[in-house]
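Participant: Mind looking over this structure? Questions follow.
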Amino acid sequence: MVKAKKSPSGSSARGKASSKLQKRKSLSPAHPPQRGGVELVDPRVQAQMKLYDEALGLFHQQKFQRAKQELEKILEGPSKELADRARMHISIAEQRMKPSQEQNPRTPEEHYQRGVAMMNLGRWDDARESLDRARKLAPKADYVVYALAALDCLTGEADAALANLKIAIQLRGANRYHARNDEDFAFLQEDPRFTELLYPEKDGGY
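Count along the sequence shown starting at 1, add 256, and that's the number in the working numbering.
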């Protein structure tokens with residue numbers, strides 16, 4: 257963006273400057289459509305924004321490792337603002353993925369966060385230990401049971417995954433719709449029990 261130069265002192269100079277500015281304003285095109293201050297005219301910026309939205313989706317699903325990988329691609333795009341946003345989320349993702357030996361999780365939320373971080377690192381035993389502790393402290397926390405169902409699925413325990421997923425859905429119905437698009441449950445895609453649980457309207461079941 258070009259910075260405006262200071263006009264010299266004197267009314268005549270100011271008058272000339274203002275008339276020039278008016279001419280420039282009349283000739284300048286309308287501002288391009290923006291989203292959060294980011295111009296979307298450039299196709300490269302549009303692609304960068306699409307990638308950013310996808311990365312944020314992974315981030316909000318607590319899939320920090322994959323989110324970080326996608327966010328790093330955004331740093332190469334033309335929009336500095338999007339790159340700055342991506343750096344902020346990368347920093348948060350890295351913090352969430354850190355094994356917290358120095359921390360001593362006490363609350364259900366802290367055990368849950370550590371469990372999800374361990375899942376993202378592929379440390380299944382550590383993840384299960386933390387999530388089991390979270391569940392003991394908060395047995396009605398649907399998001400903890402949902403995470404355990406995902407962990408069961410990732411470790412190939414279909415029966416346990418289905419049992420935990422059913423409980424998570426009973427605790428909070430929206431978990432049924434989350435599971436439909438969650439790649440963590442890919443292992444169950446061909447299991448008719450999984451289909452029956454997620455699409456009860458097809459056969460009038462639960």
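The beta carbon of each residue, even a glycine, is placed where N, CA and C say it ideally should be.
1. Just the C-alpha distance for P364 and Q304, rounded to the nearest angstrom, thanks.
2. Across the region 366-375 and the region 428-436, are there enough close Cβ pairs to call them in contact, namely three or more that are closer than 8 Å?
3. Return the residue from the list A405, D340 and S335 that minimises the CA-CA distance to Q302.
4. Could you tell me which whole alpha helix (DSSP H) segments of length 4 or greater appear in the region 349-384?
5. Let's see if you can read the secondary structure: which residues bound the alpha helix (DSSP H) around K319?
6. Is Y399 buried or exposed, if buried means 16 or more other CB atoms sit within 10 Å of its CB?
7. How far does the alpha helix (DSSP H) with R449 in it reach, from first residue to last?
8. So for Q278, helix, strand or coil by DSSP?
Facilitator: Based on what the coordinates show:
1. Translated into positions along the sequence shown, residue 364 becomes position 108. Translated into positions along the sequence shown, residue 304 becomes position 48. Roughly 37 Å between the two C-alpha positions.
2. no
3. Reading the sequence shown from its first residue, position 46 is the one you call residue 302. The candidate whose alpha carbon is nearest that of Q302 is S335.
4. 364-376
5. Along the sequence shown, read from residue 1 onward, the residue named residue 319 stands at position 63. K319 -> no alpha helix (DSSP H), and no H or E assigned at all.
6. Looking up residue 399 in the sequence shown gives position 143. The residue in question, Y399, is buried, as its Cβ has 16 or more Cβ neighbours within 10 Å.
7. Walking along the sequence shown from the start, residue 449 turns up at place 193. P448 to L454 is the span of the alpha helix (DSSP H), which, as asked, contains R449.
8. The count along the sequence shown starts at 1 and reaches residue 278 at position 22. For Q278, the predicted model reports a pLDDT of 47, less than 50, meaning its position is unreliable; a value from the coordinates is still stated below. Three-state result, Q278: helix.
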